[in-house]
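> Encoded as structure tokens, here's the structure I'll be asking about.
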Amino acid sequence: MADIMMYNVIILGFAFMFVFTAFQTTSGIEETVIESVQHDSSNSTRQEFEGSGYYSLAIIYGVFAFSNWLAPSVVSLIGPRATMFISGAVYTGFIAIFLSLKIWSLYMMSVFLGIAAALIWTAQGNFLTINSTSETMGRNSGIFWAMLQCSLLFGNIFIYFEIGKTSATYITKTTRMTIFLVLTSVSGIGVLIFLLLRKVPPRDESSIQSTEQSPDTDVRLGPVQSLVRSFQLLKMKAMLLLMVCFFYTGLELTYFSGVYGTCVGNTHLFGVKSKSYVALCGILIGCGEILGGAIFGLMGRNQQISRDPIVLLGFIVHIIAFYLSLVNLPSGSPISDTFNQEGYIQPNLALALVTAFLLGFGDACFNTQVYSILGYLFPNDSAPAFALFKFTQSLSAAIAFFYAKHLLLHWQLLILVVFAVLGTMSFAVVEWTASRRVREGYEKI
Numbered sequence: 001m002a003d004i005m006m007y008n009v010i011i012l013g014f015a016f017m018f019v020f021t022a023f024q025t026t027s028g029i030e031e032t033v034i035e036s037v038q039h040d041s042s043n044s045t046r047q048e049f050e051g052s053g054y055y056s057l058a059i060i061y062g063v064f065a066f067s068n069w070l071a072p073s074v075v076s077l078i079g080p081r082a083t084m085f086i087s088g089a090v091y092t093g094f095i096a097i098f099l100s101l102k103i104w105s106l107y108m109m110s111v112f113l114g115i116a117a118a119l120i121w122t123a124q125g126n127f128l129t130i131n132s133t134s135e136t137m138g139r140n141s142g143i144f145w146a147m148l149q150c151s152l153l154f155g156n157i158f159i160y161f162e163i164g165k166t167s168a169t170y171i172t173k174t175t176r177m178t179i180f181l182v183l184t185s186v187s188g189i190g191v192l193i194f195l196l197l198r199k200v201p202p203r204d205e206s207s208i209q210s211t212e213q214s215p216d217t218d219v220r221l222g223p224v225q226s227l228v229r230s231f232q233l234l235k236m237k238a239m240l241l242l243m244v245c246f247f248y249t250g251l252e253l254t255y256f257s258g259v260y261g262t263c264v265g266n267t268h269l270f271g272v273k274s275k276s277y278v279a280l281c282g283i284l285i286g287c288g289e290i291l292g293g294a295i296f297g298l299m300g301r302n303q304q305i306s307r308d309p310i311v312l313l314g315f316i317v318h319i320i321a322f323y324l325s326l327v328n329l330p331s332g333s334p335i336s337d338t339f340n341q342e343g344y345i346q347p348n349l350a351l352a353l354v355t356a357f358l359l360g361f362g363d364a365c366f367n368t369q370v371y372s373i374l375g376y377l378f379p380n381d382s383a384p385a386f387a388l389f390k391f392t393q394s395l396s397a398a399i400a401f402f403y404a405k406h407l408l409l410h411w412q413l414l415i416l417v418v419f420a421v422l423g424t425m426s427f428a429v430v431e432w433t434a435s436r437r438v439r440e441g442y443e444k445i
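Next comes the structure, spelled out in structure tokens:
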């Protein structure tokens, strides 16, 4: 059984790596691409395209948030493998619309993608838990996270060289077509990889984790029971505290996945190839994510290493990244192109790339430990627990993408710092409480 479980973790990582190579690359350049489409239409007789990448992403994460309440029911009804396959197909459809971008298709597919995102992530968390034990949950979450974040590396390497072929200030139509044909194909391959996942045989009594229930029991709950269980988890103090940390992960997700790259691309003091540096930042974010996932995946094998020092490390790294963003980037860069503006210093590309790496590494610190603590505290309620995580994270991301279009950079960074403090403190309280109760011989929560 252990071989099948490890096989499933690796295949799951590959499937998400392909699908999210396409999607995370798309979301990272979406606002920049739409600005280029608007530039094309403003210089022609066609009606100007009035869509917004920020608003599209806000719709995705807003729908994502509320769809999470129904996601456990769907997972319990059709199973995690079928759920991930269908949802992956929707991701592919969203990427394909950029081949012929229309405002109605952009926002309509954003709604569909929000639903699919809730389903695919709830199913992923459930499937990862089914294929893990209390001893291997930290290791498996680290392995999965490192493989997933390879998507940032591969996709952005392609984007960097593709955009860098020209010296145009904006991304040309020919370049956009090439980019999205490749990304659509890559996502389609990832969807097919989901078909290789195997069903896990029932576990022996000896493998059940100190309860009378198997960790995949929540899959066998009915749709109504799964939804009810999601609400019941909200009554637990540990879950309420963790939701503060979940909220912060959504804010920083918005910043590193959509806002930061746009800021760099809009800072024309970086030079004529500033738009291609969006992808270069994505590569460094991916490197940080991969390194963090790999390191903390290995740490997950050592049961003596607790989760709170890793989250504290992520907090420190993110605070440094936010400070570097403040001094290096113009305050108006999240909103529009800045040709002669600078931050507190002359914009420095090397500093921008270091900041990108720190953002990715810090995100890995938080997310690997969130996955680990959810699998540890709620092994028999993995689908409802991961649904609540994604609900809170995506709701905060939707809010952040909406205000990203309107707030100057320093205000966005202030919000991030405040919630970084609160999120780190709440996570530490849950970890300390759980560790103390285990030492005293009580239940985990």
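All the letters of the sequence shown, read from the start, carry residue numbers 1 to 445 under full-length UniProt numbering.
For glycine and all other residues, C-beta sits at the position ideal for the given N, C-alpha and C.
These numbers come from a predicted model, not from an experiment.
Pick from G258, R307, F401: whose alpha carbon is nearest that of T152?
Residue numbering aside, residue 152 sits at position 152 when the sequence shown is read from its first letter. The displayed chain sequence assigns Leu, not Thr, to residue 152. The residue with the shortest Cα to Cα distance from L152 is G258.
> Helix, strand or coil: how does DSSP classify L407 here?
Counting from one through the sequence shown, the residue named residue 407 turns up at place 407. Three-state DSSP puts L407 in coil, outside helix and strand.
> How about the region 20-36 and the region 53-63: do they share at least three Cβ pairs that are nearer than 8 Å?
Short answer: they touch.
> Give the DSSP-derived three-state secondary structure of T267 in the structure shown.
The residue given as residue 267 occupies position 267 in the sequence shown. In this structure, T267 counts as strand in the three-state DSSP scheme.
> Are the region 109-123 and the region 56-75 in contact at 8 Å, needing three or more beta carbon pairs?
Output reads yes: the region 56-75 touches the region 109-123.
> For the structure I just gave you, are there three or more beta carbon pairs, one from the region 396-409 and one from the region 127-137, closer than 8 Å?
Contact between the region 396-409 and the region 127-137 is absent, because fewer than three Cβ pairs lie under 8 Å.
> So the candidates are A321, G142, F23, R307; which of them puts its Cα closest to the Cα of G188?
As a working note, residue 188 is residue 188 in the sequence shown. The shortest C-alpha separation from G188 is found at F23.
> May I have the straight-line CA-CA distance separating I283 from I10, to the nearest angstrom?
As a working note, residue 283 is residue 283 in the sequence shown. As a working note, residue 10 is residue 10 in the sequence shown. The alpha-carbon atoms of I283 and I10 are separated by roughly 22 Å.
> Considering only their Cβ atoms, is the gap separating S141 from T368 smaller than 8 Å?
As a first step, residue 368 must be located in the sequence shown, where it is residue number 368. As a first step, residue 141 must be located in the sequence shown, where it is residue number 141. In contact: T368 and S141 (Cβ atoms closer than 8 Å).
> Keeping to the same chain, check which residues put their C-beta closer than 7 Å to that of S396; ignore five residues upstream and five downstream.
Position 396 of the sequence shown, counted from the start, is the residue given in the question as residue 396. Result list for S396: F247, G250, L251, in chain order.
> In this structure, does DSSP put F154 in helix, strand or coil?
Here residue 154 refers to the residue found at position 154 of the sequence shown. F154 falls in the helix class under three-state DSSP.
> Measuring straight from C-alpha to C-alpha, what distance separates I285 and S27?
What you label residue 285 is simply residue 285 of the sequence shown in a count that begins at 1. What you label residue 27 is simply residue 27 of the sequence shown in a count that begins at 1. If I take the Cα positions, the gap works out to 14 Å.
> So, is S336 buried or exposed, given that buried needs 16 or more other C-beta atoms within 10 angstroms?
For this step, residue 336 is matched to residue 336 along the sequence shown. Result: exposed.
> Pick helix, strand or coil for Q209, following the three-state DSSP scheme.
Translated into positions along the sequence shown, residue 209 becomes position 209. Summary for Q209: the model assigns pLDDT 41, below 50, so the residue's position carries little reliability; its value from the coordinates is reported in the next sentence. Note: Q209 maps to coil in three-state DSSP.
> Classify V421: buried if its beta carbon has 16 or more other beta carbons within 10 angstroms, exposed otherwise.
Counting from 1 along the sequence shown, the entry for residue 421 is found at position 421. With fewer than 16 other Cβ atoms within 10 Å, it is exposed.
> In terms of residue numbering, what span does the alpha helix (DSSP H) encompassing P201 cover?
By one-based count along the sequence shown, residue 201 stands at place 201. That residue, P201, is in no alpha helix (DSSP H); it is neither H nor E in DSSP.
> Measuring alpha carbon to alpha carbon, tell me which residue in L240, G292, F85 is nearest C150.
On the sequence shown, residue 150 is found 150 positions in, with the first residue counted as 1. The option with the nearest alpha carbon to C150 is G292.
> Any idea if P201 is buried or exposed, counting beta-carbon neighbours within 10 angstroms, 16 or more meaning buried?
Start at 1 with the first residue of the sequence shown, and residue 201 comes out as number 201. Answer is exposed; the Cβ neighbour count stays below 16.
> Measuring alpha carbon to alpha carbon, tell me which residue in I115, R229, F98, K235 is nearest I171.
Taking the first residue of the sequence shown as 1, we reach residue 171 at position 171. Nearest of I115, R229, F98, K235 to I171, Cα basis: F98.
> Counting only the same chain and skipping the five closest in sequence on each side, list residues whose C-beta sits under 7 Å from that of F85.
Within the sequence shown, residue 85 is the residue found at index 85, counting from 1. Closer than 7 Å at the Cβ level, and outside the excluded window around F85, lie V191, F194, L195.
> Which of helix, strand or coil does DSSP assign to L12?
Against the sequence shown, residue 12 aligns to sequence position 12. Residue state, collapsed to three classes: helix.
> With DSSP run on the structure shown, which of helix, strand or coil describes L234?
Within the sequence shown, the letter at position 234 stands for residue 234. Of the three classes helix, strand and coil, the one that applies to L234 here is coil, per DSSP.
> Reducing DSSP to helix, strand and coil, say where E31 ends up.
Your numbering for residue 31 matches position 31 in the sequence shown. If DSSP states are grouped into helix, strand and coil, E31 belongs with the helices.
> Might you give, ordered along the chain, the residues of its own chain that have their beta carbon closer than 6 Å to the beta carbon of A96, omitting 5 neighbours on each side?
Taking the sequence shown and counting its residues from 1, the one referred to as residue 96 is at position 96. Hits under 6 Å: T184.
> Could you check whether F322 and L416 sit closer than 8 Å to each other, using their CB atoms as the reference points?
Numbered from its first residue, the sequence shown carries residue 416 at position 416. Numbered from its first residue, the sequence shown carries residue 322 at position 322. Yes. Within cutoff.
> Which residue marks the beginning of the alpha helix (DSSP H) containing S187, and which one marks its end?
Here the question's residue 187 lines up with position 187 in the sequence shown. Where S187 is concerned, the enclosing alpha helix (DSSP H) stretches over 173-193.
> Distance, Cα to Cα, I163 vs G155?
As a position in the sequence shown, residue 163 is number 163, starting the count at 1. As a position in the sequence shown, residue 155 is number 155, starting the count at 1. The alpha-carbon atoms of I163 and G155 are separated by roughly 12 Å.
> Grab me the residues of residue 451's own chain with a C-beta within less than 6 Å of its C-beta, minus the 5 sequence neighbours each way, in chain order.
For residue 451 there is no data in the structure shown, the boundaries of the chain being 1 and 445.
> Does the count of Cβ pairs from the region 342-353 and the region 273-283 closer than 8 Å reach three?
Touching, yes, given that three or more Cβ pairs across the two stretches are closer than 8 Å.
> Can you give the Cα-Cα distance for L329 and L414, rounded to whole angstroms?
Residue 329 sits at position 329 when you count from the first residue of the sequence shown. Residue 414 sits at position 414 when you count from the first residue of the sequence shown. Each residue's Cα considered, the two are about 15 Å apart.
> Check the C-beta distance from residue 453 over to G360 and give it rounded, since I have them as a contact under 8 Å.
Look at the range of the chain in this structure, 1 to 445, and you will see that residue 453 is not part of it.
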